[in-house]
Amino acid sequence: MTDSPRRGRDAEARPAPGAHEQPQPREPDLPRTMKVRQKALRTGWTTGTCASAAAKAAASALATGEPVEVVEVALPSGRRVTFATDRCGLTASDRAEAVVVKDAGDDPDATDGAHITATVTRRGDPGLELDGGVGVGVVTRPGLGLELGGPAINPVPAQMIEQAVGEVGDTAAAGLRVVISVPEGERMARKTTNARLGIIGGISILGTTGVVRPFSTASWRASVEQAVSVMAAQGEDTLVLCTGGRTEKGAMLRHPGLPQVCFVEVGDFTGAALRRAVEYGLERVSFVGMAGKLTKLASGVLMTHYTRSKVSTELLGTVTRHVGGGEDVAAEVDAANTGRHAYEIWEGAGLLEAAGNELCRRVAEVLTRFTEGAVEVDVAMVDFTGQHVVAAVPEAP
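So the sequence shown is residues 1 to 397, counted in the UniProt record's numbering.
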């Protein structure tokens, strides 16, 4: 796949391509300063870190018979952090339970405030047995790197839990069973993509660094790539990329025969999704979006975060001229405030379908070039309700 070595401001400053020019596909890097705000945002803790803290506290209570109020655990980086327990103590002679309340910092996390609970019991066999309880999802589809039928506890959190409990005592000599549960986890999971990924009945115990960074684009990129992996593991060969919830509605109406797992909310990470699609040998990619995102893609920008790309209304003016729009209309589109404004001008001038089709054609060309022709591409533009396809190339899926 192609990728321009020119990034950042230089890439953004280039003029919009003309009717016969082909934009170079590129994925601008997010600036390191994008998280700088007047007030610094607080980082938080992943469910995996909280689970390891709760497990260590419960294991300590079981070993000593005394409740633990503060517990220290290691992050994957080696850094050590402390947590206060919300509740901790023996519930039977061979069982203890501890709760750590998740603080996601200033990240809009569906699991913020979750009561991550660890129940630790003694077992006859040596070693550590880890399982999920109420509110932790069960894996029902391949592609996640987890055992089918097992708990949705990712490998890094599992290692963190094992290390934390191992700091209390030698599980090779005296085995323990650790069950992680999350009251209200099933309700929280409704705000995530878990069900679509085949994680049923609750949330996932996640985290690769142990730390939640506010508005993490890295986590979104990872979720997009994971969604493509799960879809490919189902044996599906058509990936439908949507920019958000509204465009997904239009995408599902356009592709009514495809299972839900084929639809991925790609956000700003079209390039990452396409790269993963090529990696898995998928045959077809359908992109469904609104005017603004499509304009960025038509300009060759595959990472469309607002800090690294802008809607080129000049490109939309070029599209207007290409489909036979008068110079007055084209000049009005050139000066439009937003992609939506240009859309409304096209609609008022009776050019929406023709101009929309040309815009979709240009997007399809960029996506095809980015994947070096490895996948068949179709592109559709929906209105701002997301319910109606107003332009598409090719016209029918």
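Glycine is no exception: its CB is placed at the ideal position from the N, C-alpha and C atoms.
- The C-alpha of residue 366 lies about 38 Å from the C-alpha of residue 147.
- Under the three-state reduction of DSSP, residue 130 is assigned to strand.
- Take the alpha-carbon of residue 290 and the one of residue 133: they are about 41 Å apart.
- Under the DSSP assignment, residue 180 falls outside any alpha helix (DSSP H), being part of the beta strand (DSSP E) whose first and last residues are 176-181.
- Taking the Cβ atoms as the reference, residue 111 lies roughly 6 Å from residue 47, within the contact range of under 8 Å.
- With contacts defined as CB atoms closer than 8 Å, residue 161 and residue 93 fail to qualify as a contacting pair.
- Around the beta-carbon of residue 265, 16 or more other beta-carbon atoms lie within 10 Å, marking it buried.
- The shortest CA-to-CA distance from residue 67 to any of 317, 73, 76, 57 is the one to 57.
- As computed with DSSP, residue 68 is found in no beta bridge at all.
- For residue 117 against residue 95, the beta-carbon gap comes to about 13 Å, at or over 8 Å, which does not count as contact.
- Taking one beta carbon from each stretch, the stretch 139-157 and the stretch 223-236 have 3 or more pairs nearer than 8 Å; the two touch.
- Residue 182 and residue 205 have their C-alpha atoms some 10 Å from each other.
- By the Cβ criterion, the stretch 366-378 is in contact with the stretch 265-284, since at least three pairs of Cβ atoms, one from each stretch, lie closer than 8 Å.
- In this structure, the CA atom of residue 49 is about 56 Å from the CA atom of residue 350.
- Here the C-alpha atom of residue 355 lies approximately 48 Å from the C-alpha atom of residue 103.
- Here residue 337 is exposed, its C-beta having fewer than 16 other C-beta atoms within 10 Å.
- Nearest Cα to residue 69 within the set 45, 42, 100: 100.
- Just measuring C-alpha positions, the residue of 382, 201, 176 sitting nearest residue 246 is 382.
- The continuous alpha helix (DSSP H) containing residue 360 extends over residues 352-370.
- The beta carbon of residue 339 sits closer than 6 Å to those of 291, 292, 295, 311, all from its chain and outside the five residues before and after it, given in chain order.
- For residue 158, the three-state secondary structure derived from DSSP is helix.
- For residue 248, the enclosing alpha helix (DSSP H) starts and ends at 245-254.
- When DSSP states are grouped into helix, strand and coil, residue 91 belongs to the strand group.
- Note that the C-beta distance between residue 392 and residue 360 is below 8 Å.
- The beta-carbon separation of residue 212 and residue 346, rounded to 42 Å, does not stay under the 8 Å limit for a contact.
- Assigned with DSSP and collapsed to three states, residue 388 falls in coil, not helix or strand.
- In this structure, the beta-carbon distance from residue 222 to residue 203 does not fall below 8 Å.
- For residue 136 against residue 151, the beta-carbon gap comes to about 5 Å, under 8 Å, which counts as contact.
- Per DSSP, residue 345 is one residue of the alpha helix (DSSP H) stretching across 339-348.
- C-alpha of residue 78 to C-alpha of residue 84: approximately 20 Å in a straight line.
- Counting only residues of its own chain and dropping the five nearest sequence neighbours on each side, residue 157 has a CB closer than 8 Å to the CB of 46, 47, 48, 49, 51, 52, 205, 206, 207.
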